[in-house]
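Scroll down for the structure; my scribbles are underneath it.
In the working numbering, the protein residues as written are 1 to 448.
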């Protein structure tokens with residue numbers, strides 16, 4: 001029996017991983033095509049995918065036993081897979097819970113339940129020995145802390161490129177172009193392919209939509225054409241959410257000093273996480289965990305969806321920067337008062353209500369060959385080495401296991417908020433009501 005051809009839209013975490021795993025599973029990898037708008041060697045500043053950044057945190061720490069097991073499955077390739085191992089920096093990570101937070105206790109309980117807890121307690125005084133955090137004692141919102149030596153961070157841009165290169169070396173076709181349209185065959189009840197912005201058409205038997213925060217914008221025309229009611233649309237499953245990151249370029253001396261001190265990734269619960277630099281890039285990154293934004297777009301059909309703004313993620317409104325600086329200053333006042341970010345970024349990702357993945361076939365009968373691989377919810381890059389294995393199962397119509405199938409399915413109204421994918425557990429879950437509407441000075445908004 002001939003293998004079905006596969007078209008993957010999006011070369012982020014899920015798309016790249018899918019191409020990698022299919023290239024090892026299919027007899028003819030040339031039957032696989034992956035389309036992404038950014039060329040592999042384009043400047044980092046031009047790339048907007050959540051999977052392409054200076055760094056991403058790699059850890060196994062979850063309250064959920066399912067995600068803890070998945071993260072442990074994924075972390076071994078970060079050490080041993082030749083495609084990605086050189087991009088992982090095992091610095092460990094330290095989490096200071098919010099004052100009454102339970103994340104650390106529950107994570108360590110999950111570690112014990114699965115056979116071993118290699119973490120240890122950490123107090124504020126221990127963290128104050130790092131120059132970046134020397135005034136941490138002024139932060140009254142902190143609770144208990146712990147250190148996990150097996151965690152760290154990776155160069156996400158280079159790791160993603162390296163992982164995809166394995167797939168293309170095996171014969172996968174990579175196309176650099178922006179997908180402007182999904183092509184629907186109404187009579188045959190299937191998506192036949194995509195049309196790109198330059199008019200080129202790519203077709204396949206099966207389509208994987210791994211488009212993250214851009215998913216609603218791509219599916220909207222099909223939802224309108226098929227008269228899908230609001231409750232059955234993708235916007236009910238995922239929301240395009242943006243978070244702010246500040247990047248500080250350090251001197252060679254500052255970078256080496258931080259590296260010599262063996263500073264880990266540090267999470268100050270509910271406020272920020274801090275990723276240390278390397279000599280290759282000399283960038284210290286602070287992620288604001290409090291400030292989240294959405295960009296609501298009115299459409300020509302009268303619907304509203306969330307999608308990243310068209311002007312790019314490096315453009316951060318001044319008011320939003322000031323709000324984020326307040327959060328960062330509260331967490332680490334000395335460092336932020338003596339350093340200025342060299343750049344800012346609003347990183348957008350597709351967030352589900354439960355922060356579980358959305359990994360399933362589209363339920364509409366006319367979209368039966370369309371597989372959704374999205375819902376990274378700001379915590380899924382660590383799964384790059386293994387996520388595609390599960391996408392491949394969905395493509396073949398196989399189960400990922402009862403627990404995973406329930407977690408990753410298209411959910412109805414009563415199921416959407418229940419799940420175990422929460423980035424920082426139930427006590428650290430952010431309310432969607434607190435998200436701010438992203439607006440620009442001249443209120444630039446594009447009708448879709």
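Think of the CB as a built atom: it goes at the ideal place given N, C-alpha and C, for glycine as much as any other residue.
Item, Value
"Simplified DSSP assignment, three categories, for residue 238", "coil"
"Rounded C-alpha distance that separates residue 228 from residue 220", "10 Å"
"Completely contained beta strand (DSSP E) runs for the segment 123-151, where each covers 3 or more residues", "142-148"
"Opening and closing residue of the alpha helix (DSSP H) in which residue 84 lies", "Neither: residue 84 is in no alpha helix (DSSP H) and is coded neither H nor E."
"Same chain, Cβ closer than 6 Å to residue 329, five either side skipped, listed in chain order", "336"
"Buried or exposed by the 16-neighbour rule on C-beta atoms within 10 Å, applied to residue 80", "exposed"
"Sufficient close CB pairs (3 or more, under 8 Å) joining the segment 305-320 to the segment 267-279", "no"
"Residue 285, buried or exposed, once every other Cβ within 10 Å from all chains shown has been counted against 16", "buried"
"The segment 62-76 in contact with the segment 239-247 per 3-pair CB rule at 8 Å", "no"
"Counted within 10 angstroms of its Cβ, other Cβ atoms place residue 19 as buried (16 or more) or exposed", "buried"
"Simplified DSSP assignment, three categories, for residue 298", "strand"
"Where residue 312 falls: helix, strand or coil (DSSP)", "coil"
"Top-ranked residue by Cα proximity to residue 82, from 334, 347, 162 and 438", "162"
"Inter-residue Cα distance where the pair is residue 281 and residue 437", "32 Å"
"Cα-Cα separation, residue 63 to residue 22", "30 Å"
"Cβ shell of residue 417 (< 8 Å), same chain only, five flanking positions each side left out", "353 and 354"
"Test item: CB-CB of residue 92 and residue 264 under 9 Å", "yes"
"Completely contained alpha helix (DSSP H) runs for the segment 140-222, where each covers 4 or more residues", "156-169"
"Any beta strand (DSSP E) of 3 or more consecutive residues that is wholly inside the segment 31-63", "32-36 and 56-58"
"For residue 338, the three-state DSSP class (helix, strand or coil)", "helix"
"Nearest residue (CA-CA) to residue 251, options 178, 171, 202 and 340", "340"
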